[in-house]
Every structure is written in structure tokens, then in C-alpha cells.
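First up is the structure itself, then whatever we jot down about it.
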Amino acid sequence: MRFIAVAGGEPLRSADVEGDHVGDGEIMIDTEVKSVSLLPLGMLTLDQSVLTHRQFPGQKVDCPVIAAFIEMADGEHILFDTGLPPAFLEDDDFLPANQANTICGYTVEDDIRNRLRAVGAMPADVKIVVNSHFHWDHSGANYLFPHARFLVQEKEYRFARQPDAFINPAYTPKLFDIGAETRLMPGDEVIKPGILAITTPGHTPGHQSLMIMLPSERAMILTGDAMMCPANLDPALPPGNAHTTEQAVASIQRLKALADFHDGELVICHDPALWDKWKPAPHVYA
Ligand SMILES: [Zn+2]
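Below you can see the structure in the form of C-alpha cells.
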């Protein structure tokens, strides 16, 4: 399948991917994605006002934690986010109390190594990990992939090391500071033929989402925490935990525009109703 990647004004950068440039910021590329699986990695209890800005404070909602496992046509394996740290299963004190207290479901089955096994992969097979951002519930198992190359926005990499105090509790340096090879991305980027990193700041200054073009010509857009539930969409109602609310609104509008343009579907990673809409691994989307 050929598709046009549009990155709204900014010319789309591509470090490794060849394509035919067909206009300003547009590039035609054949997708080399084979399939995508969604890995269930536990559950968090969040306040409704975190999902939808200032709405229903005090009302608790159980939300999934996920990663996406992408298989390329040449057999290469790529992960989007790594979820919670399996070390927590053996050590209750591995995470700070404010993080541990939000976990409402996390078992050995949810260990990312077991979820990878279900799709026939091992951590050592994963050569690239894309982190949406460095919050603890998205970078928790980074340490299991020390040989992988991490792709993260440069802004996120810097901010995570010196976050504003009010957002500080969501960053746990031992989870993301693992000394692995890391490529700092300066913005939107085609990271593989058929995989686009889309900057969606707001939740954090360097947050990114991932658009994946499947061989079926369907586009899956993994939102990360740029959105928390479908109620964020129409009209744009930002989550309540954004670092910058104004940017969060713009990022929701950007994801919606990309989904509309590409006839794509949004995978809203913490959506409480995620598993009503999407099937978990070992199901593959292709
Ligand atoms: Zn999150």
C-alpha cells in the first residue's frame, strides 16, 4: 500500500526511509508493516477528572495499560511503550507509593515478557522501542530492552530529567535512565516505512503518538496519553493531567485530523472501554 504522510505544515523528516516527495511535507511510501498486536500490561485506577478535565472528581475509573508490538515485513520487531515494571511483581517497594497505589490489577500474565511470548517474541528480538513519553506507566519495562534502540522526542528526554515540580511524581528516572542507545527526535518523523511518530505535546512537552499503516490500508493511531478516552474527542475536551492544557487541545485536534485524513482509527491507550473495541494479543491487526 502507498500512502501520503502529511505532517501539518512541518516538512516530514525521515532519517532512514526513502519515499517520493509529492509536495510540501508530503511523502509517498510503501508500508512495510506486517502486523500490530496490543499487549495488555495491567490496570490503573484513575480519577475521572484525570480522563476528562474537571469532570466528576472523586469518581474512580479502571483503565488499561498497554504496549503495541509491531512486526515488520522483514521480521523486525518494534515496541511502542513498555508499560509497568515487572520488578514490581517481586518487590512492592520498587515503585514510589503514589504510583504503586494506582495499580489495581497487575499479574505475572501482564509481565511484558509473557505478553511477548504470546506473540512468539522475546525481549531480545525487539530492536526498537518508541516511548510515547517517559512517565512510569509507559517506560516501566524499558530496562528489559537494554540492547534496543530507543526513539524518544528530544524535548521529552530533556524535560524528564528536570520536570516542573507539579508533574515530577510521574517520572521515575531509574525506569527511563537505563543507559541504552537513544535517538532524540526533533519532531515528527517517519521512523520506518509505514510507521510515523507524530508529536502530540500537552500531556508532557515532548509527548508523541504513533501512526501505523497496516497492509490492509487501515491506519492505527496509537494516541499514548494525548487522549485518555473517546470523550476527549468531540468537541476536544482535554484530559485533566496535562502539563499544558492548550497544547493538549491542539494535539487532540491534530490526532482527529490525522485519523479523518487517513481514514484511520484511534487506539486510545488508557481508554477504560479499550478491550470492548480492540482485541488483545495474540490477536494481530494486519
Ligand atoms: Zn499513562
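Counting from 407, one number per residue, gives the positions in the sequence shown under this note's numbering. The beta-carbon is built from N, C-alpha and C at its ideal position, and this holds for glycine as well. Treat the numbers as computed from the prediction; the structure is a model and nothing was measured.
Cβ distance (whole Å) where residue i is taken to contact residue j below 8 Å
| i | j | result |
| --- | --- | --- |
| Y691 | M626 | 6 Å |
| G489 | A473 | 5 Å |
| T651 | P644 | 5 Å |
| P446 | R523 | In fact, because the Cβ distance is near 13 Å, the residues do not count as touching under 8 Å. |
| M634 | H676 | 5 Å |
Terminal residues of the beta strand (DSSP E) in which residue i lies
| i | result |
| --- | --- |
| A474 | 466-478 |
| E595 | 595-598 |
| A603 | 601-605 |
| K533 | 532-536 |
| F486 | 483-486 |
| L680 | Careful: L680 lies outside any beta strand (DSSP E), inside the alpha helix (DSSP H) at 680-683. |
Beta-bridge partners of residue i, as assigned by DSSP
| i | result |
| --- | --- |
| T451 | D468 |
| R519 | Paired residue(s): none; R519 is not in a bridge. |
| G670 | A625 |
| H541 | Y577 |
| G511 | M449 |
N-terminal and C-terminal residue of the alpha helix (DSSP H) that residue i is part of
| i | result |
| --- | --- |
| S615 | Premise fails: S615 lies in the beta strand (DSSP E), 614-619, not in any alpha helix (DSSP H). |
| F565 | 560-567 |
Buried or exposed (CB count within 10 angstroms, at least 16 for buried), residue i
| i | result |
| --- | --- |
| I622 | It is worth fixing the name first, because residue 622 is Ser in this sequence and not Ile. Exposed, because fewer than 16 other Cβ atoms sit within 10 Å of the Cβ of S622. |
| N385 | The requested residue 385 is not part of the displayed model; the chain covers only 407 to 692. |
| G630 | buried |
| G415 | Note on G415: pLDDT 42, under 50, position unreliable in the model; no value is reported. |
| W542 | buried |
| M434 | exposed |
| M591 | buried |
| K580 | exposed |
| C469 | buried |
Heavy atom of ligand 1 within 6 Å of residue i beta-carbon
| i | result |
| --- | --- |
| D516 | no |
| D468 | no |
| D543 | yes |
| D631 | yes |
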